[in-house]
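Asks: Once you've had a glance at the structure underneath, I'll fire off some questions.
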Amino acid sequence: MTDEKPLLELERKINGGDFQSAGDVSSELKRILQQIGFPPSFSRRVVIAAYEAEMNVVIHAWRGVFRAWIFPRSIHIEVDDEGPGIPDLELAFQEGYSTAPPHIREMGFGAGYGLSNMKKCSDRLEIDTRVGEGTKVIMDFFLET
6 MTDEKPLLEL ERKINGGDFQ SAGDVSSELK RILQQIGFPP SFSRRVVIAA
56 YEAEMNVVIH AWRGVFRAWI FPRSIHIEVD DEGPGIPDLE LAFQEGYSTA
106 PPHIREMGFG AGYGLSNMKK CSDRLEIDTR VGEGTKVIMD FFLET
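The structure is reproduced here in structure tokens:
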């Protein structure tokens, strides 16, 4: 994260299994980025990655916290959850691999592209996962100069 003061900081709780509110945080972030005036292509990358991180909490964890720091030329996002963790991170990055149970897949979620989409959309991705405890996802997005 940069030393400069953010334009805005956003912190929201996410409840695991709450599909009624799923996507609310990333939708709010999208509105904020539009209001600030970030380029649509940049905002799209940020929101896709934020949505995937948010949905991973809803699908896999018990609860989590979404935090975003919005700077004039970058966005820093951290999503920290309490959940099962990711036993095999390398396998989890393979497109199409998912540990989502059948009832989640029947709702149209858990297709196995979340982590790979986060990696494709972010400029920096770091994942700290502890099996039986939870996962912390850190993403940075930089406006091209």
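Residue numbers (the working numbering): 6 to 150.
Heads up, the beta-carbon is just placed ideally off N, CA and C, and yes, glycines get one too.
These numbers were taken from a predicted model, which means no experiment stands behind them.
1) Just the Cα atoms here: how many angstroms apart are A55 and M123?
2) According to DSSP, what are the bridge partners of H65?
3) Can P89 and G137 be called in contact, C-beta distance under 8 Å?
4) Measure the beta-carbon distance from E100 to G117 and round it to whole angstroms, keeping in mind my assumption that it falls under 8 Å.
5) Among all the DSSP beta bridges, which residues are the ones paired with S79?
6) What is the DSSP secondary structure of D85, reduced to helix, strand or coil?
7) Could you tell me if I75 is buried or exposed, where buried requires 16 or more neighbouring beta carbons within 10 angstroms of its beta carbon?
8) Thinking C-alpha only, which one of R135, E149, F147 and L130 is nearest E57?
9) Give the list of continuous beta strand (DSSP E) stretches no shorter than 3 residues that lie fully inside the segment 98-136.
10) Leaving aside the five residues before and after S48 along the sequence, list all residues of the same chain whose C-beta is less than 7 Å from its C-beta, in chain order.
11) Would you call the CB atoms of E83 and I143 closer than 8 Å?
12) Within 10 angstroms of the Cβ of F24, are there 16 or more other Cβ atoms? Answer buried if so, exposed if not.
13) Excluding the five sequence neighbours on either side, which residues of its own chain have a C-beta within less than 6 Å of the C-beta of E4, listed in chain order?
14) Assign D86 to one of two classes, buried (16 or more other C-beta atoms within 10 Å of its C-beta) or exposed (fewer than that).
Replies: The relevant details are as follows:
1) 8 Å
2) The partner list for H65 (beta bridge, DSSP) is empty, contrary to what the question assumes.
3) yes
4) Yes, they are in contact, since the Cβ atoms of E100 and G117 sit about 6 Å apart, within 8 Å.
5) F147, per the DSSP bridge assignment.
6) D85 sits in a strand when the DSSP states are folded into three classes.
7) So I75 counts as buried.
8) L130
9) Contiguous beta strand (DSSP E) elements confined to the segment 98-136 occur at 129-135, taking only those with 3 or more residues.
10) The beta carbon of S48 sits closer than 7 Å to the beta carbons of K35, L38 and Q39 from its chain, once the five residues preceding and following it are set aside; these are given in chain order.
11) yes
12) exposed
13) As displayed, the chain neither begins before 6 nor continues past 150, which places residue 4 out of reach and without an answer.
14) buried
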